[in-house]
Structure formats: structure tokens, C-alpha cells
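Only one structure is covered here, and it is reproduced in the block below.
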DNA sequence: ATACATTTGTTCATTAATGAACAAATGTGC
DNA sequence: GCACATTTGTTCATTAATGAACAAATGTAT
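Residue numbers (my numbering), protein chains in the order written: chain A, 1 to 178; chain B, 1001 to 1178.
So, in C-alpha cells, the structure goes:
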């Protein structure tokens, strides 16, 4: 891929993240993004149809990264599988902290929950084991919301615990419930 | 000016500063700069004839900034005139610290001394006052080397004192000798 | 509702960046 | 010294970014 494309898209994404830390997404104009990214306004339309498309693509990229991490961590126990997760979150704290903070919350949080449901769907087994006899959707919802809640807490409170500790703790909690 | 030009030149300058913090300027290749800046190697030649030209322009830009600060601070006493100086050095600590550190030292340091001599030339008066009867070049050399020495110490030791303190201290030392 | 300003989305000619290819020059090991 | 690899400096056709201009749509104040 032409490095000019990567560079302008990078600049645009960083700009959106920065702006969303400052104000509501609805109050952000294409001009704001252009100014912040130092990319001509017209150029933005060469890459995205509008600011929602830009945000979507930005979110979707991270979701895809997370999905790949999940895939490559399959067959591990939850403790080990969680480590790359939390390391990824830490590496991209600028994105995740602004996305999980007040202003841009709904856009990303909803997508995040949707993604987690998708990922955990196959992990829940109500035919035997710990969750035998329970309602699948209830268990799924229970797991996913707790997961999001913990991640949200960790990110927005400055990631005080190191990733490996988070991975271990959350790993144990998952083992206990799946 | 076309923002693409500014952006690639910015990237190239940042790359050179970064690389000079890591290795000797002679060991830096155009390819290194291209990789670090994420700018096509060919593009570098659209802006600079070679890496020395790039370094020269980088240095000269800062020298010019410093000259402008001097001009606008003329007619102040040394204490006030020094403040914008040290603030500028602080803002550009990445440049000045690597340039005054071991590896890239000669290139910038020599130019820096040359510039200071130029600036202080008109300040030294051996026909009357504190320096009456002294040799002009000796006094000039005395002032300039002490100035460079103090700046060098301040920068390379992590700028422990805030700029306004440095400005005050150096201001007093200059008053005493000019 | 009306006037007015801002933002949007698109066009287009111009300019800059790209990367590949290449020969020449410059290291580097033996 | 000689082979060999790396780096340099240049070319060129292709692609991306630019900013200006514009009409349309969307706010905003009165």
C-alpha cells in the first residue's frame, strides 16, 4: 500500500481520537479533523464518505485486531489467552480510553459488546459443566457485561494494574464461569 | 507553502534528530533517514542535496529562530531578554540535547559559537565601562564560551532549573561582564 | 420565517510523493 | 589487490494530496 495513504489515514485517525477526547463526536466537523490532522479537507473524502464512516473504520480496525488476537490465542487457557488482549489494550490506550470515556462511548461500547458476544458464544456450554441447565443468553450476557465492565474500569482508571495481572485475574474469573 | 512539503521536511528533520541520538552522523545513511521518517528515499533528494545539506538546513533553521528572538528582545535588560531564549531551548530540547551531546556535537556546537559571537559582538565595549582597556576578542570569547558552556550544562543535565531561573542567573552574569 | 454564516460534498487542474530501476561510487571482507 | 554488497544520486511514469471554487445543505440568531 502506498505509504501516503497510510500516513494520511493515520493522521486522520489520530485526529479523531484526539478530538473525541475533547468534545462530543456530533460537535466534531470535518473541518476540525482536517485542521487537527493537517490533511486537506478534500482529501478526507478520498478515503471516507463522512465522519461516521471514518469512525466506523477506526473502530472496525481495532475490532479486527482483537479478533485476530482471539483466534491466535485459541486453545490456550483463559489466563494466557488474556495476556495479548490486555497488552493490546495498553498499547492503544489512547483509542480505548477516549472511546470508553463519556463522549464517544455509545459508538464503540456497543460494537465492543457485540463483538464479545460473538467471541464468547461458542465458549458457553449449557448442556454440561458449570453452566448446565442455565439459559445460554443469560450466561453470555453475564460474561460479556462483566468483561466489558472490568476493561472499562481498568482503562478509565489509568490502567493501574499491569496487563499480566489483569490477564491472570480475569482469566481466573472466566475459568470459574465457563 | 504546500503542507505536503512541510510534513515531509518535518518528518525528515525529526528522523535525523532521532538517529543522531542513536549513532554518529557519519554512520547515518540516507536509507536510515528514509526508513525512520517513512519518506521515500527519492523524495529526500527533492528537498536536500545530501544528508549534510539536511543537517545544515536543520541547524540553520534553529539559528534563525534564535536570531529572531535576539532581535525582538533587543533593548531589554539581559535578564528579560534571556527568558525567550531559554524557553525556546526548552521547547526544542530534543534538538538541542542531541546536538549538544557527544555524537553530533561538532556540527551544531561550532555553528552555535559562531552565531553567539556574531550576536555579542556589538555588546562588547572596550572603550569604556567594565571592559575598558581589555582586548575585545578575549572578552568576546570569554562571554561566548561561558554562555555555551552553561547552556550545554543545562540541556545535557536534564534542564533541572526552570527557564526563568536560568534567564535570571545568566542575565546577572551577563550584566556583570558587559 | 428570514437573513446569514457555517459546514458539507464534489470538481478539477496543479503539485508533491512514490517506488522501481539503473549506473556509479563507496565501503567491507578476504 | 579483487570480488561483493551497500549506498548513492538520478530518471520517470504513476498515484495521491492539495486548495480553490462552487452549489447545496445545515445550523443559528433575531
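Beta carbons: idealized from backbone N, C-alpha and C, even for Gly.
Got a sec: is the Cβ-Cβ distance from residue 3/A to anything in chain B below 8 Å? On the first chain, position 3 is the one that residue 3/A refers to. Judged by the 8 Å Cβ criterion, residue 3/A is in contact with chain B.
Going by other Cβ atoms of all chains shown within 10 Å of its Cβ, with 16 needed for buried, is residue 121/A buried or exposed? Looking up residue 121/A in the first chain gives position 121. So residue 121/A ends up on the exposed side.
Buried versus exposed, by CB contacts within 10 Å (16 or more), residue 85/A: The sequence position of residue 85/A within the first chain is 85, counting from 1. Buried, since its Cβ has 16 or more Cβ neighbours within 10 Å.
Alpha-carbon spacing of residue 1133/B relative to residue 1154/B, whole angstroms: Indexing the second chain from 1 puts residue 1133/B at position 133. Indexing the second chain from 1 puts residue 1154/B at position 154. Cα to Cα, residue 1133/B sits roughly 32 Å from residue 1154/B.
Determine the DSSP secondary structure at residue 1049/B, reduced to helix, strand or coil. Sequence index remark: in the second chain, residue 1049/B carries index 49 (1-based). Three-state DSSP puts residue 1049/B in coil, outside helix and strand.
When 1176/B, 1092/B and 1044/B are compared against residue 1062/B, the one with the closest alpha-carbon: For the purposes of this step, residue 1062/B is taken as the residue at position 62 of the second chain. Ranking the options by Cα distance to residue 1062/B, first place goes to 1092/B.
Does any CB atom of chain A fall closer than 8 Å to the CB of residue 1131/B? Walking along the second chain from the start, residue 1131/B turns up at place 131. Answer no: the Cβ-Cβ gap between residue 1131/B and chain A never drops below 8 Å.
Output the distance between the C-alpha atoms of residue 1165/B and residue 1137/B, rounded to the nearest integer angstrom. Taking the second chain and counting its residues from 1, the one referred to as residue 1165/B is at position 165. Taking the second chain and counting its residues from 1, the one referred to as residue 1137/B is at position 137. Cα-Cα distance, rounded: 29 Å.
Using the rule of at least 16 other Cβ atoms within 10 Å of the residue's Cβ for burial, across every protein chain shown, is residue 45/A buried or exposed? For the purposes of this step, residue 45/A is taken as residue 45 along the first chain, with counting starting at 1. Residue 45/A is exposed by the Cβ-count criterion.
For residue 160/A, does the three-state DSSP call read helix, strand or coil? Translated into positions along the first chain, residue 160/A becomes position 160. Residue 160/A falls in the coil class under three-state DSSP.
Please check if any C-beta of chain A sits within less than 8 Å of the C-beta of residue 1082/B. Here the question's residue 1082/B lines up with position 82 in the second chain. Closer than 8 Å: no.
Starting from the C-beta of residue 1059/B, find all residues in its chain whose C-beta is less than 8 Å away, skip the five residues before and the five after it, and write them out in chain order. Start at 1 with the first residue of the second chain, and residue 1059/B comes out as number 59. Contacts found: 1099, 1107, 1108 and 1111.
I'd like to know if residue 1024/B contacts chain A, where contact means its C-beta is closer than 8 Å to some C-beta of that chain. Locating residue 1024/B in the second chain gives position 24, where the first residue counts as 1. It does not: the Cβ of residue 1024/B has no partner Cβ on chain A nearer than 8 Å.
Contact under 8 Å by Cβ, residue 1037/B with residue 1011/B: As a position in the second chain, residue 1037/B is number 37, starting the count at 1. As a position in the second chain, residue 1011/B is number 11, starting the count at 1. A contact, by the Cβ cut-off of 8 Å.
How long is the line joining the alpha carbons of residue 949/B and residue 17/A, rounded to whole angstroms? This structure cannot speak to residue 949/B, because chain B is shown only from 1001 to 1178.
How is residue 1123/B classed by DSSP in three states: helix, strand or coil? Taking the first residue of the second chain as position 1, residue 1123/B is located at position 123. Looking at residue 1123/B - three-state DSSP - the assignment turns out to be helix.
Can a CB atom of chain B be found closer than 8 Å to the CB of residue 110/A? As a working note, residue 110/A is residue 110 in the first chain. Residue 110/A does not count as touching chain B.
Residues of its chain near residue 115/A, where Cβ-Cβ distance is below 6 Å and the 5 sequence neighbours each way are ignored: By 1-based counting over the first chain, the position of residue 115/A is 115. Taken in chain order, the residues that qualify are 63.
What residues of chain B sit near residue 38/A, judged by a beta carbon separation below 7 Å? As a working note, residue 38/A is residue 38 in the first chain. Correct list: 1003 and 1007.
How long is the line joining the alpha carbons of residue 47/A and residue 1168/B, rounded to whole angstroms? For the purposes of this step, residue 47/A is taken as the residue at position 47 of the first chain. For the purposes of this step, residue 1168/B is taken as the residue at position 168 of the second chain. Answer to the nearest angstrom: the Cα atoms are 52 Å apart.
Measure the Cβ-Cβ separation of residue 1030/B and residue 1057/B and say whether it is below 8 Å. Position 30 of the second chain, counting from 1, holds the residue named residue 1030/B. Position 57 of the second chain, counting from 1, holds the residue named residue 1057/B. No, the pair does not count as a contact, with Cβ atoms beyond the cut-off.
For residue 1079/B and residue 1066/B, I'd like the C-alpha separation in whole angstroms. In the second chain, residue 1079/B corresponds to position 79, counting from 1. In the second chain, residue 1066/B corresponds to position 66, counting from 1. Computed Cα separation, rounded: 16 Å.
Could you give the DSSP three-state label for residue 1035/B: helix, strand or coil? Against the second chain, residue 1035/B aligns to sequence position 35. In this structure, residue 1035/B counts as helix in the three-state DSSP scheme.
Tell me the residue span of the alpha helix (DSSP H) that contains residue 10/A. Reading the first chain from its first residue, position 10 is the one you call residue 10/A. Start and end: 3 to 20.
CB residue 1089/B to CB residue 1150/B, shorter than 8 Å? For the purposes of this step, residue 1089/B is identified with residue 89 of the second chain, where counting begins at 1. For the purposes of this step, residue 1150/B is identified with residue 150 of the second chain, where counting begins at 1. No, the Cβ-Cβ distance between residue 1089/B and residue 1150/B is not below 8 Å.
Decide if residue 33/A is buried, meaning its Cβ has at least 16 other Cβ atoms within 10 Å, or exposed. Taking the first chain and counting its residues from 1, the one referred to as residue 33/A is at position 33. When all chains shown are included, residue 33/A counts as buried.
Use the C-beta contact count for residue 1008/B: other C-beta atoms within 10 angstroms, 16 or more gives buried, fewer gives exposed. The count along the second chain starts at 1 and reaches residue 1008/B at position 8. With 16 or more other Cβ atoms within 10 Å, it is buried.
Alpha-carbon spacing of residue 221/A relative to residue 1118/B, whole angstroms: Given that chain A is displayed from residue 1 to residue 178, the structure contains no residue 221/A and the question cannot be resolved.
Distance between residue 6/A and residue 1043/B (C-alpha atoms, nearest Å): Counting from 1 along the second chain, the entry for residue 1043/B is found at position 43. Counting from 1 along the first chain, the entry for residue 6/A is found at position 6. Cα-Cα distance, rounded: 17 Å.
Buried versus exposed call for residue 1171/B [16 or more other C-beta atoms within 10 Å across all chains shown]: On the second chain, residue 1171/B is found 171 positions in, with the first residue counted as 1. That one is buried.
According to DSSP, is residue 1101/B helix, strand or coil? Locating residue 1101/B in the second chain gives position 101, counting from the first residue. Residue 1101/B falls in the coil class under three-state DSSP.
Distance between beta carbons of residue 144/A and residue 126/A, contact taken as under 8 Å: As a first step, residue 126/A is located in the first chain; it is residue number 126 there, counting from the start. As a first step, residue 144/A is located in the first chain; it is residue number 144 there, counting from the start. About 15 Å; that fails the 8 Å criterion.
For residue 163/A, count neighbouring Cβ atoms within 10 angstroms of its own Cβ and tell me buried if that reaches 16, exposed if not. Locating residue 163/A in the first chain gives position 163, counting from the first residue. Classification of residue 163/A: buried, given that the 10 Å Cβ count is 16 or more.
From the DSSP output, in three-state form, read off residue 1043/B for me. Indexing the second chain from 1 puts residue 1043/B at position 43. Helix, per DSSP.
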